[in-house]
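Novice:
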Amino acid sequence: MEIVKRKENPLLNRVELHFCWEHSKSSTPTLSDMVAAAAKAEPGSKKELTFVKNVNTRFGRPQTTGIALIYADSESATLEPTYVHTRHESLHGSKKAEKAEAPPEKTVQETSEENSEGGDE
24 MEIVKRKENP LLNRVELHFC WEHSKSSTPT LSDMVAAAAK AEPGSKKELT FVKNVNTRFG
84 RPQTTGIALI YADSESATLE PTYVHTRHES LHGSKKAEKA EAPPEKTVQE TSEENSEGGD
144 E
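As structure tokens, this is what we get:
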């Protein structure tokens, strides 16, 4: 993985790495490979706070480009959209999934009360 451009963004409390990955004679790198390489390229970064976006592989060329966003803390990482967090959840561990409990199911009585129509009969 070659870092093409490195930009510190103090307003969003993150480092933005634009990268180019030459992968001749091998398959396209996986998301976990890209996250691990980006976290390794930036000293002091954590994989849990690293997000890879805008990944593009050129047709017929063994070259993948993209952007890695490395946040300084978890509070700043909440700026990323939900779909990005969902994609990276399996890589970062499902800490949120463990904490979140399924909502309690409604009882038969509650659902029948909601479905009953009241009013002028």
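Taking the working numbering, I'd label the letters of the sequence shown as residues 24 to 144.
Ideal Cβ placement from N, Cα and C applies to all residues, glycine included.
1) For the pair the segment 63-77 and the segment 45-53, tell me if three or more CB-CB distances fall below 8 angstroms.
2) For my contact list, LEU114 and VAL78 are in at a C-beta cut-off of 8 angstroms; report their separation, rounded to the angstrom.
3) For LEU92, does the count of other Cβ atoms within 10 angstroms reach 16, so buried, or fall short, so exposed?
4) Could you check the C-alpha separation between GLY83 and MET24 for me, to the nearest Å?
5) Pick from VAL27, PRO33 and SER55: whose alpha carbon is nearest that of ASP96?
Specialist: Short version:
1) no
2) Wrong, their Cβ atoms sit about 14 angstroms apart, outside the cutoff.
3) buried
4) 19 angstroms
5) PRO33
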